[in-house]
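Start counting the sequence shown at 616; every next residue gets the next number (my numbering). What follows is one structure encoded as structure tokens, with my remarks underneath.
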Amino acid sequence: MAQPGERSRSIRAMVVDDEALARRNLTLLLSKDPDIGSVVECRSGLEAIEEIRRSGPDLVFLDVQMPECDGFDVLELLGADLPETVIFVTAYDAYALRAFEAGALDYLLKPFDDARFSRALARAKEKFARYAPKQRRSLSRIPVKSRSQTLFLNVSDIDWIEAASYYACLHVGEATHILRRTLQELEQDLDEQTFVRIHRSTIVNLDRVRGVELQDGGEYEVVLESAARLRLSRRYRKRLQDRLGGLSSGR
Numbered sequence: 616m617a618q619p620g621e622r623s624r625s626i627r628a629m630v631v632d633d634e635a636l637a638r639r640n641l642t643l644l645l646s647k648d649p650d651i652g653s654v655v656e657c658r659s660g661l662e663a664i665e666e667i668r669r670s671g672p673d674l675v676f677l678d679v680q681m682p683e684c685d686g687f688d689v690l691e692l693l694g695a696d697l698p699e700t701v702i703f704v705t706a707y708d709a710y711a712l713r714a715f716e717a718g719a720l721d722y723l724l725k726p727f728d729d730a731r732f733s734r735a736l737a738r739a740k741e742k743f744a745r746y747a748p749k750q751r752r753s754l755s756r757i758p759v760k761s762r763s764q765t766l767f768l769n770v771s772d773i774d775w776i777e778a779a780s781y782y783a784c785l786h787v788g789e790a791t792h793i794l795r796r797t798l799q800e801l802e803q804d805l806d807e808q809t810f811v812r813i814h815r816s817t818i819v820n821l822d823r824v825r826g827v828e829l830q831d832g833g834e835y836e837v838v839l840e841s842a843a844r845l846r847l848s849r850r851y852r853k854r855l856q857d858r859l860g861g862l863s864s865g866r
């Protein structure tokens, strides 16, 4: 039984793959876990987008290569409707870096065995438990280890954060600190009223934003007080617009 304030959940899962056998394999593995409450199968990226927006699954196993709309297209088109946790599934290892930059929790390389699947599912359940909404507390300081010391950075001093595979680069003034956490994990610990994702590989401190500039090609750049210029992707534009109260040329 869940304790007071603890998130009790029956996980709603989704499997997205254009191959019926691959879907069936994942569905069978998921059905063996008592924490999985339901599993929905989608045969294409477009079908997945519609179903995710309709039912809001907790966990999505998403194939990378699919006709017409691949796994990365699915995430791009979903925008703010992204599922809580995504695990990419593919027969090719070439997409791993891009998958983690897109916020994937894990990357299952076909063919995988039951043990590898179990580890991926365990990571998802650990994340659900760790980031239960009622237990969530925003970080105020972040310990950053180097060879000779541990620095405790005030989160409020961070200008912006950049994804680098399994790591996050914390930009503080002219200094850059490397943290062994993914951008997805770090985002969960940050105050969402102050830190907002503007690109699949970038989080920005809103207190450091000087303006947003429209470029000749129709794309926007976020300009920081440090003069750093960061690309604003279409997927996150509305979220930033809501926080800043509109997009216009920076000063």
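All C-beta atoms in this analysis are idealised placements derived from N, C-alpha and C, irrespective of residue type, glycine included. On a predicted model such as this, the values are computed, not experimentally measured, just so you know.
Return the CA-CA distance between A790 and G832, expressed in angstroms with no decimal places. Each residue's Cα considered, the two are about 31 Å apart.
Going by DSSP in three states, L851 sits in which element: helix, strand or coil? The question names Leu, but residue 851 is Tyr in the sequence shown. When DSSP states are grouped into helix, strand and coil, Y851 belongs to the helix group.
Alpha carbon to alpha carbon, how far is R795 from L636? Give it in angstroms, no decimals. In this structure, the CA atom of L636 is about 36 Å from the CA atom of R795.
In this structure, how does DSSP classify E666 when only helix, strand and coil are distinguished? In the structure shown, E666 sits in a helix (DSSP, three-state: H, G or I).
Compute the beta-carbon to beta-carbon distance between L855 and T817, rounded to the nearest angstrom, for a pair I have assumed lies under 8 Å. Between L855 and T817, the beta carbon gap of about 11 Å keeps them out of contact (Cβ cut-off 8 Å).
Distance, D688 Cα to F676 Cα: Between F676 and D688, the alpha-carbon positions lie close to 14 Å from each other.
Here's a check: name, in chain order, each residue in its chain whose Cβ is nearer than 6 Å to the Cβ of A779, leaving out the five neighbours to either side. In the same chain as A779, and ignoring 5 residues on each side of it, no C-beta atom comes closer than 6 Å to its own.
Examine chain B for any beta-carbon lying closer than 9 Å to the beta-carbon of G832, and answer yes or no. Here chain B cannot be found, since the structure has a single protein chain.
Skipping 5 residues on each side, what residues in its chain have a beta carbon closer than 7 Å to that of D633? Here D633 has R658, S659, D678, M681 and P682 as same chain residues with Cβ atoms under 7 Å from its own Cβ, once five neighbours each way along the sequence are excluded.
Return the residue from the list L821, S841 and I813 that minimises the CA-CA distance to L847. Closest by alpha carbon: I813.
What residues are listed by DSSP as bridge partners for D721? Per DSSP, I702.
Decide if L766 is buried, meaning its Cβ has at least 16 other Cβ atoms within 10 Å, or exposed. Per the 10 Å Cβ criterion, exposed.
Here's the rule I'm using: 16 or more other beta-carbon atoms within 10 Å means buried, otherwise exposed. How should D886 be labelled? Residue 886 lies beyond the residue range present for the chain, which begins at 616 and ends at 866; the question has no answer from this structure.
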